[in-house]
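The listed protein sequences correspond, in order, to chains A and B.
Using the numbering used here, the letters of the first sequence correspond one by one to residues 2 to 241.
Using the numbering used here, the letters of the second sequence correspond one by one to residues 2 to 241.
Structure first, then comments.
Number of protein chains: 2
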Amino acid sequence: MEHAQAAYQRSEDVCINDLAKLRSVGRETWEAGLGQSRRHRINAHEVLFYEGDTAERLYEVVSGVIMLYKLLPDGRRQVVYIVREGDMLGFSRHSEYDCTAEALTDTELVVIEAREAEASAQMQSHINKCLLLQMENLHEHTVLLGRKSALERVSTFLMSLVPNRGGNGCEGPAEEGRPDTRTVVLSMTRQEIADYLGLTIETVSRVVSQLKKRGLIKVEKQDSIHIANICGICQLTGIH
Amino acid sequence: MEHAQAAYQRSEDVCINDLAKLRSVGRETWEAGLGQSRRHRINAHEVLFYEGDTAERLYEVVSGVIMLYKLLPDGRRQVVYIVREGDMLGFSRHSEYDCTAEALTDTELVVIEAREAEASAQMQSHINKCLLLQMENLHEHTVLLGRKSALERVSTFLMSLVPNRGGNGCEGPAEEGRPDTRTVVLSMTRQEIADYLGLTIETVSRVVSQLKKRGLIKVEKQDSIHIANICGICQLTGIH
DNA sequence: CGCCACCTTGAGTTTACTCAAGTTTTGTGG
DNA sequence: CCACAAAACTTGAGTAAACTCAAGGTGGCG
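This is the structure in structure tokens:
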């Protein structure tokens with residue numbers, strides 16, 4: 002199942018270690034504390050909730066990937082966040098969700114009633130950690146949308162799918178001579194990637210083709226890209 | 002003092018009422034709970050902390066305006082958030098700040114030691130509220146950066162300086178025949194606005210000139226714009 | 001095997017950018 | 001209070017990056 006792998010990958014500069022940390026003070030702890038913790042499964046492309054829906058529940062992603070997006074009245078869409086394993090969604094300051102949540106892959110969730118979350122200190126602390134993580138990711142994505150070129154955006158996106166690389170704590174290639182290589186699963190269509198990166202589908206496609214021509218990547222399936230030279234892609238992200 | 006007014010203005014769709022709410026469950030409550038709550042003043046253009054500094058303190062803005070920004074190695078800058086009265090800054094997931102914080106105006110802050118914040122449940126709840134507010138603002142700004150035209154960006158920015166207008170809960174003009182008018186203080190240079198909106202200084206200047214020519218605004222001082230037709234500007238934000 | 005959704009590529013256009021003057025505003029010292 | 005300098009802003013001309021529109025290609029699934 003390809004999504005099992007995708008679920009371990011984090012956007013931006015968050016690595017597997019961070020997620021492990023999140024989990025360790027997370028579900029196992031607070032799940033026991035709550036009266037009942039329901040599980041919920043949804044299929045790829047199903048909507049979990051719509052912008053404007055009454056916000057009664059929080060969710061933690063156990064496996065799979067969810068995107069949060071907002072629409073403008075004329076149909077323009079912006080994907081504002083990608084929620085991966087260990088991360089949460091459904092936060093709301095008012096009584097309503099501010100984004101629509103749609104599954105990119107088949108997804109398993111833990112459902113948390115907002116009332117219960119408020120009552121549990123452990124839960125509050127866990128929510129806090131997720132909010133801080135999301136804030137940092139959003140800040141980084143703001144830089145991407147405000148200041149990066151199409152090539153830099155797509156390269157940054159690809160690097161975000163490589164654990165332990167591309168962020169500020171980038172480790173560089175493991176060893177001299179070791180192949181600096183990895184296959185990443187996008188779990189998004191070109192249109193969804195475009196709406197995430199603030200580009201058009203054609204521009205995303207052209208940049209991917211360009212990276213292919215340069216020999217930096219191979220497109221194995223539409224959904225699956227082999228990065229032949231991770232450092233090479235990293236050099237294109239604008240952060241070096 | 003022009004900044005006293007600016008301090009009451011909120012970015013995005015947050016109105017004075019929201020801020021009043023934040024404050025009411027905020028400073029007065031937790032300030033009493035903490036051992037000592039220090040105040041700190043900084044002047045316009047002073048840096049409160051740099052990206053990468055050890056994150057030992059949180060701050061709440063009592064008066065004034067602070068911008069958070071990130072730099073790319075080649076000097077490109079993106080302002081990722083504008084912190085106004087009642088809002089907080091200095092959150093960090095790791096031990097380091099992820100953005101630089103620089104004062105746009107003379108600013109008064111409450112200083113909160115990170116350790117103390119962790120110990121106080123009231124403080125945690127207050128932080129949570131601020132994080133949720135900031136998340137919503139960031140989501141909205143993500144749409145602006147990813148999907149809006151220059152005209153829409155500048156119009157959205159101007160509307161964000163008009164309390165109770167321009168957001169989802171926009172009230173529309175108060176009464177038929179009442180002048181739909183307001184003077185807003187930018188408290189940012191054209192360059193800072195450009196770096197916030199993901200544009201160049203020239204583009205910001207051209208859009209402002211265009212709005213002036215159309216009779217929708219008057220530029221009273223560089224820093225102060227009279228909006229002659231609030232609804233007219235609101236129509237240009239892309240949210241209608 | 002053929003259809004449908006998704007993706008790619010090309011040609012032409014548009015928006016915002018860059019570069020280069022000029023102009024206005026602001027702040028300072030005489 | 002005025003003159004001057006520095007900073008900030010505006011405007012124009014030309015360019016480039018990404019967009020739109022339009023075919024055509026590819027691959028996954030019944």
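Even glycine gets a Cβ: it sits at the ideal position worked out from N, Cα and C.
When DSSP labels each residue in this structure, what does residue i get in the three-state scheme?
{"i": "Tyr51/A", "result": "coil"}
{"i": "Lys149/A", "result": "coil"}
{"i": "Glu97/A", "result": "strand"}
{"i": "Gln79/A", "result": "strand"}
{"i": "Arg85/B", "result": "coil"}
{"i": "Ala120/A", "result": "helix"}
{"i": "Met136/A", "result": "helix"}
{"i": "Glu57/A", "result": "coil"}
{"i": "Ser225/A", "result": "strand"}
{"i": "Arg154/B", "result": "helix"}
{"i": "Ala115/B", "result": "helix"}
{"i": "Val66/B", "result": "coil"}
{"i": "Leu159/B", "result": "helix"}
{"i": "His241/B", "result": "coil"}
{"i": "Thr143/A", "result": "helix"}
Please report the distance separating the alpha-carbon of residue i from that of residue j.
{"i": "Leu134/B", "j": "Leu72/B", "result": "24 Å"}
{"i": "Glu193/B", "j": "Lys130/A", "result": "30 Å"}
{"i": "Ile43/B", "j": "Thr108/B", "result": "5 Å"}
{"i": "Gly87/A", "j": "Val63/A", "result": "6 Å"}
{"i": "Tyr60/A", "j": "Ala104/B", "result": "37 Å"}
{"i": "Cys100/B", "j": "Asp181/B", "result": "37 Å"}
{"i": "Ser156/A", "j": "Gly199/B", "result": "19 Å"}
{"i": "Leu162/B", "j": "Gly91/B", "result": "23 Å"}
{"i": "Gly53/A", "j": "Thr106/B", "result": "35 Å"}
{"i": "Ala102/B", "j": "Ala120/B", "result": "25 Å"}
{"i": "Ala33/B", "j": "Ala122/A", "result": "In this prediction, Ala33/B has a pLDDT of 48, which is less than 50 and means its spatial position is unreliable; what the coordinates show is noted afterwards. Whole-angstrom Cα-Cα distance: 21 Å."}
{"i": "Ala229/A", "j": "Gly216/A", "result": "7 Å"}
{"i": "Leu212/A", "j": "Ile218/A", "result": "6 Å"}
{"i": "Leu237/B", "j": "His46/B", "result": "31 Å"}
{"i": "Ser150/B", "j": "Ser93/B", "result": "32 Å"}
{"i": "Arg39/A", "j": "Phe158/A", "result": "33 Å"}
{"i": "Arg58/B", "j": "Arg154/A", "result": "33 Å"}
{"i": "Ser210/B", "j": "Gly233/B", "result": "15 Å"}
{"i": "Ile240/B", "j": "His41/A", "result": "33 Å"}
{"i": "Gly65/B", "j": "Val208/A", "result": "43 Å"}
{"i": "Leu152/A", "j": "Arg148/B", "result": "18 Å"}
{"i": "Lys214/A", "j": "Val48/B", "result": "44 Å"}
Can you find the residues in the same chain that come closer than 7 Å, C-beta to C-beta, to residue i, ignoring five residues on each side of it along the sequence?
{"i": "Ser96/A", "result": "Thr55 and Ala56"}
{"i": "Arg78/B", "result": "Tyr70, Leu72 and Asp196"}
{"i": "Lys22/B", "result": "For Lys22/B, the predicted structure reports a pLDDT of 41, less than 50, and the residue's modelled location is therefore unreliable. A value from the coordinates is still provided. Closer than 7 Å at Cβ, skipping near neighbours: no residue."}
{"i": "Arg191/B", "result": "Ile202, Val205 and Ser206"}
{"i": "Ala7/B", "result": "Note that Ala7/B scores a pLDDT of 30, beneath 50, so its modelled location is shaky and nothing firm can be said."}
Got a sec, what are the start and stop residues for the alpha helix (DSSP H) residue i sits in?
{"i": "Thr204/A", "result": "Ile202 to Lys214"}
{"i": "Leu198/B", "result": "Arg191 to Leu198"}
{"i": "Ile234/A", "result": "Ile231 to Cys235"}
Among the residues of its own chain, which have a CB less than 8 Å from the CB of residue i, if the five just before and after it don't count?
{"i": "Leu139/B", "result": "Val81 and Tyr82"}
{"i": "Ala195/A", "result": "Thr201, Ile202, Thr204 and Val205"}
{"i": "Arg183/A", "result": "Val163, His227, Ile228 and Ile231"}
{"i": "Leu132/A", "result": "Phe92"}
Who are the Cβ neighbours of residue i in its own chain at under 6 Å, not counting the five residues just before and after it?
{"i": "Gly167/A", "result": "Met160 and Cys235"}
{"i": "Val84/B", "result": "Val62, Ile67 and Leu90"}
{"i": "Phe50/B", "result": "Tyr98 and Ala102"}
{"i": "Met136/A", "result": "none"}
Ends of the beta strand (DSSP E) at residue i?
{"i": "Arg166/A", "result": "Careful: Arg166/A lies outside any beta strand (DSSP E) and carries neither H nor E."}
{"i": "Thr184/A", "result": "Arg183 to Val186"}
{"i": "His41/A", "result": "Arg39 to Ile43"}
With respect to 6 Å, is the separation between the Cβ of residue i and the closest non-hydrogen atom of the ligand COA below this value?
{"i": "Gln211/B", "result": "Summarising the ligand content, the structure contains no ligands, and the ligand COA is consequently not present."}
Task: Stretch-stretch touch, CB-based, cutoff 8 Å, three pairs: the segment 107 to 119 of chain B with the segment 107 to 124 of chain A - done: no
TODO: May I ask you to verify whether the segment 68 to 86 of chain A touches the segment 138 to 157 of chain B, counting CB pairs closer than 8 Å and requiring at least 3?
DONE: yes
Task: the segment 211 to 229 of chain B contacting the segment 186 to 202 of chain B, beta-carbon criterion three pairs below 8 Å - done: yes
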